[in-house]
Structure formats: structure tokens, C-alpha cells
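Student: Got a structure for you, written out below as C-alpha cells; questions coming shortly.
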Amino acid sequence: MASSTPVYIVSATRTPVGQFLGSLSSLSATQLGAHAIKHAIQRAGVQPEAVEEVIFGNVLSAGLGQNPARQCALGAGIPNSVVCTTVNKVCASATKAIILGAQTIMTGGADIVVAGGTESMSNAPHYLPNMRTGAKFGNQSLVDAVLKDGLTDAYEDQHMGMAAEACAAEHGFDREAQDDYCIRSYKKAQYAQESGWFGEEIAPIEVSGGRGKPNITIDKDDEP
């Protein structure tokens with residue numbers, strides 16, 4: 001088997017992580033993605049026109065417009081001649097995007113690839129099913145895109161939490177063990193945040209401070 005081209009990650013940048021309807025809720029997923037890409041290539045010393053492909057994960061795409069990956073790329077100053085692909089693999093979308101980016105370089109398809117993912121659950125819309133044919137009689141219900149497209153199994157119509165319960169039962173993880181793991185995880189995250197360990201990977205982002213007020217710079221995760 002012929003040897004493949006070695007692959008290196010030369011920059012890894014993210015926005016702060018916002019809460020649901022939290023500090024970043026005024027920004028769309030594509031705006032957040034563009035911000036992360038812009039700062040990642042700047043920190044790597046890469047010119048936008050040197051990027052040959054952008055592969056970005058996104059699950060809750062409803063209402064974002066065509067090909068969110070391209071919108072993120074253009075928002076970061078990458079030319080519109082660059083190939084852009086959006087990956088929807090639910091929780092593993094961004095990871096799959098990185099894998100595809102690495103494979104593209106390994107097989108000689110490109111030398112410089114931007115890969116990652118973006119999401120904004122706060123901005124996922126509600127649907128009105130069957131409105132093209134009209135609501136003939138009775139109530140018409142809204143469908144939450146977060147639940148429909150992100151958190152509910154499309155085959156068994158079960159919420160993601162039910163899958164977690166089934167997994168815990170299968171492997172014998174009791175409630176106490178799960179709670180203990182959760183508490184320890186939060187404490188570690190708190191310590192890391194207080195110690196400034198996330199500082200280098202976060203690209204601070206400005207949001208509106210409201211009418212007549214200056215913009216606010218968000219440079220830390222909303223949680224823990």
C-alpha cells in the first residue's frame with residue numbers, strides 16, 4: 001500500500017459554548033461557524049485564499065439556508081471558489097468532518113482543509129407541518145426542530161434520553177454512579193475554566209448589549 005500524505009492540525013479554535021437561549025443566542029449557527037473559521041486560519045497564519053476545501057458539520061440546518069458550510073466559509077473571508085460540504089451525522093458531524101478533511105489531504109485531494117462544526121439550538125425553528133395543503137379542520141401543532149431533527153430517534157420515535165437510559169441499563173450504570181460522574185465532570189470543567197485552561201482555544205466574540213448599550217465581548221463558556 002502506498003504511503004499517504006501526513007496530516008497535521010495546525011490550529012484549533014472555537015467560540016465560547018453558550019447555554020440554550022443564553023449569551024450567544026442572538027447569533028446564528030453560520031455566524032458562529034464563520035467566527036471560528038476566521039480565527040482558526042488567522043492563528044495558523046493561513047491566508048483565506050490558500051484554503052482548498054471546507055468541511056463543516058451541522059445538524060439543525062432548518063432555516064439556515066443552503067449549505068451552511070459555504071456560508072461559514074464566505075463569512076470567514078474564504079473565496080466562493082472553494083469547495084464546501086456540510087455533514088449531518090447528528091452528534092458526530094464535526095468529528096466526521098475532521099476525518100473527511102484528513103482523508104482528503106492523505107489522498108492528495110488538497111493541502112489545506114478547514115474542518116469542524118457549528119450549531120445553534122437556540123435558533124432552531126418550529127415547523128408548521130401540512131401548511132402547504134392547509135389546515136382543513138381542528139388544531140394545528142408546531143413541531144420543535146430541536147426535538148424532531150436533533151434529539152428524537154427517527155425510527156423508534158424515542159427521545160435521546162431514552163437511549164441513554166437503555167444504555168445505562170445494558171451496562172449496569174445505576175443512577176448514583178451516573179450522578180457522581182456528572183458532578184465530577186462539572187467540577188473538572190469549573191476548575192479548568194477558573195484556571196484559564198480554555199483561554200487559548202476560545203475566540204472571543206461580540207454580541208449586542210441591547211439598545212443604546214455597548215457591545216459585550218463573550219470570552220468564556222456560559223457553563224458550568
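The opening residue of the sequence shown carries number 1 in full-length UniProt numbering; numbering runs sequentially from there.
Where a beta carbon is used, it is the ideal one built from N, C-alpha and C, also for glycine.
Note that this is a predicted model, so its numbers are computed, not measured.
Check the DSSP bridge columns for residue 230 and list the partner residues they point to.
Tutor: Residue 230 lies beyond the residue range present for the chain, which begins at 1 and ends at 224; the question has no answer from this structure.
Student: Out of Ser23, Leu32 and Gln71, which one is the CA nearest neighbour of Val83?
Tutor: Answer by Cα proximity: Gln71.
Student: Looking only at its own chain, which residues have a Cβ that is under 8 Å from the Cβ of Gln193, when we skip the five neighbours before and after it?
Tutor: Excluding sequence neighbours, Gln193 sits near Lys220, Asp221 and Pro224.
Student: Taking 8 Å as the threshold, find out whether the stretch 4 to 12 comes into contact with the stretch 33 to 52 through three or more Cβ pairs.
Tutor: Result yes; three or more Cβ-Cβ pairs closer than 8 Å.
Student: Between which residues of its own chain and Val146 is the CB-CB distance below 6 Å, once the five residues before and five after are set aside?
Tutor: Excluding sequence neighbours, Val146 sits near Met121 and Ala124.
Student: Rounded to whole angstroms, what is the Cα-Cα separation between Met160 and Leu151?
Tutor: Approximately 5 Å between the Cα atoms of the pair.
Student: For Val113, count neighbouring C-beta atoms within 10 Å of its own C-beta (all shown protein chains included) and say buried if the count is 16 or more, exposed if not.
Tutor: Val113 is buried by the Cβ-count criterion.
Student: Entirely within the stretch 63 to 147 and at least 4 residues each: give me those alpha helix (DSSP H) ranges in chain order.
Tutor: Correct list: 68 to 75 and 93 to 106.
Student: Spatial neighbours of Ser141 within its chain, please: CB distance less than 7 Å, with the 5 preceding and 5 following residues excluded, ordered by chain position.
Tutor: Excluding residues within five positions, none has a Cβ falling inside 7 Å.
Student: Determine the closest residue to Gln103 out of Pro6, Val207, Asn215 and Pro214, with distance taken between C-alpha atoms.
Tutor: Minimum Cα distance to Gln103 is reached at Pro6.
Student: Helix, strand or coil: which one does DSSP assign to Arg14?
Tutor: DSSP places Arg14 in strand when its eight states are reduced to three.
Student: So the candidates are Asp111, Val90 and Glu119; which of them puts its Cα closest to the Cα of Val54?
Tutor: Closest option to Val54, Cα to Cα, is Asp111.
Student: Candidates Glu201, Phe173 and Lys213: which alpha carbon is nearest His35's?
Tutor: Looking at the Cα atoms, Glu201 is the closest of the given residues.
Student: Which one of Ser61, Val90, Ile37 and Leu100 has the shortest CA to CA distance from Leu74?
Tutor: Checking every option, the nearest Cα to that of Leu74 belongs to Ile37.
Student: Determine which residues share a DSSP beta bridge with Phe56 and list them.
Tutor: Its beta-bridge partners are Thr86 and Gly116.
Student: Which residues bound the beta strand (DSSP E) around Thr30?
Tutor: Note, Thr30: premise wrong, no beta strand (DSSP E); alpha helix (DSSP H) at Ala29 to Ala44.
Student: In its own chain, which residues sit with a C-beta less than 6 Å from the C-beta of Ala115, not counting the 5 before and 5 after it?
Tutor: Same-chain partners within the cutoff: Ile55, Ala97, Ile98 and Gly101.
Student: Rounded to the nearest angstrom, what separates Gly212 and Ala203 at their Cα positions?
Tutor: Going by the C-alpha atoms only, they are around 25 Å apart.
Student: List the residues that DSSP assigns as beta-bridge partners of Val207.
Tutor: Note: Val207 sits in a beta bridge opposite Ile216.
Student: When burial is assigned at 16 or more other CB atoms within 10 Å of the CB, is His171 buried or exposed?
Tutor: His171 should be labelled exposed.
Student: Just how far apart, CA to CA, sit Ala189 and Gly22?
Tutor: If I take the Cα positions, the gap works out to 18 Å.
Student: On a CA-only basis, which of Gly18, Thr86 and Met106 is nearest Glu206? Give me that one, please.
Tutor: When each option's Cα is compared against that of Glu206, the closest is Gly18.
Student: Does the distance from the CB of Ala94 to the CB of Gly117 come in under 9 Å?
Tutor: Yes. Within cutoff.
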